[in-house]
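**Q** Can you keep this structure in mind? I'll have questions shortly.
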Amino acid sequence: MNDTPTLWSAPHQAAWPGTLEGPAETSRRHFGLAAPRSMIATWRERIRVRRALRQMSKANPHLIDDIGLTRQQVEAEIAKPFWQEQDECREDAG
Numbered sequence: 002m003n004d005t006p007t008l009w010s011a012p013h014q015a016a017w018p019g020t021l022e023g024p025a026e027t028s029r030r031h032f033g034l035a036a037p038r039s040m041i042a043t044w045r046e047r048i049r050v051r052r053a054l055r056q057m058s059k060a061n062p063h064l065i066d067d068i069g070l071t072r073q074q075v076e077a078e079i080a081k082p083f084w085q086e087q088d089e090c091r092e093d094a095g
């Protein structure tokens, strides 16, 4: 067995009651992936919205006017990469 002291063997880091883990391990497990998951969900939503705009602009261009956007606004939004934020052009139009 390895008797080398580890971070968790330090006396100042007591385990949470009923677990063998310290507070850092528990929070890392529960919250460590929250930010990346949120970012990926945001990127997927941007992709979905931009695909819908592209499809709408080709199949039913008259609907672009109905949702209060100009053709230039739609083309600019469609051209953006998924990591770039959406413009709030709907608020500007109203």
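Going by this note's numbering, the first residue of the sequence shown is number 2, and it counts up by one from there. From the three backbone atoms N, C-alpha and C, an ideal C-beta is built for every residue, glycine too.
#1: Could you compute how far the alpha carbon of residue 56 sits from the alpha carbon of residue 75?
#2: Measuring alpha carbon to alpha carbon, tell me which of 38, 36, 37, 49 ends up nearest residue 87.
#3: Can you list, in chain order, the residues of its chain whose CB lies under 7 Å from that of residue 78, leaving out five sequence neighbours each side?
#4: Looking only at its chain, what residues have a beta carbon closer than 8 Å to the beta carbon of residue 58, apart from the 5 residues adjacent to it on each side?
#5: Which residues bound the alpha helix (DSSP H) around residue 41?
#6: Going by other Cβ atoms of all chains shown within 10 Å of its Cβ, with 16 needed for buried, is residue 70 buried or exposed?
#7: Hey, how far is the Cα of residue 83 from the Cα of residue 68?
#8: Could you spell out the range, first to last residue, of the alpha helix (DSSP H) harbouring residue 64?
**A** Based on what the coordinates show:
#1: In the sequence shown, the residue the question calls residue 56 occupies position 55. In the sequence shown, the residue the question calls residue 75 occupies position 74. If I take the Cα positions, the gap works out to 11 Å.
#2: Here residue 87 refers to the residue found at position 86 of the sequence shown. For residue 87, the nearest C-alpha among the options comes from 49.
#3: Taking the sequence shown and counting its residues from 1, one reaches residue 78 at position 77. Counting only Cβ-Cβ distances below 7 Å, and skipping sequence neighbours, we find 51, 54, 87, 88.
#4: Locating residue 58 in the sequence shown gives position 57, counting from the first residue. For residue 58, same chain residues with a beta-carbon under 8 Å away, outside a window of 5 residues either side, are 65, 72, 75, 76, 79 in chain order.
#5: In the sequence shown, the residue the question calls residue 41 occupies position 40. Taken as a continuous stretch (DSSP letters only), the alpha helix (DSSP H) holding residue 41 covers 35-60.
#6: Sequence index remark: in the sequence shown, residue 70 carries index 69 (1-based). Label assigned to residue 70: buried.
#7: Position 82 of the sequence shown, counted from the first residue, corresponds to residue 83. Position 67 of the sequence shown, counted from the first residue, corresponds to residue 68. Taking the straight line from one Cα to the other gives about 21 Å.
#8: For the purposes of this step, residue 64 is taken as residue 63 along the sequence shown, with counting starting at 1. Unbroken alpha helix (DSSP H) run through residue 64: 63-67.
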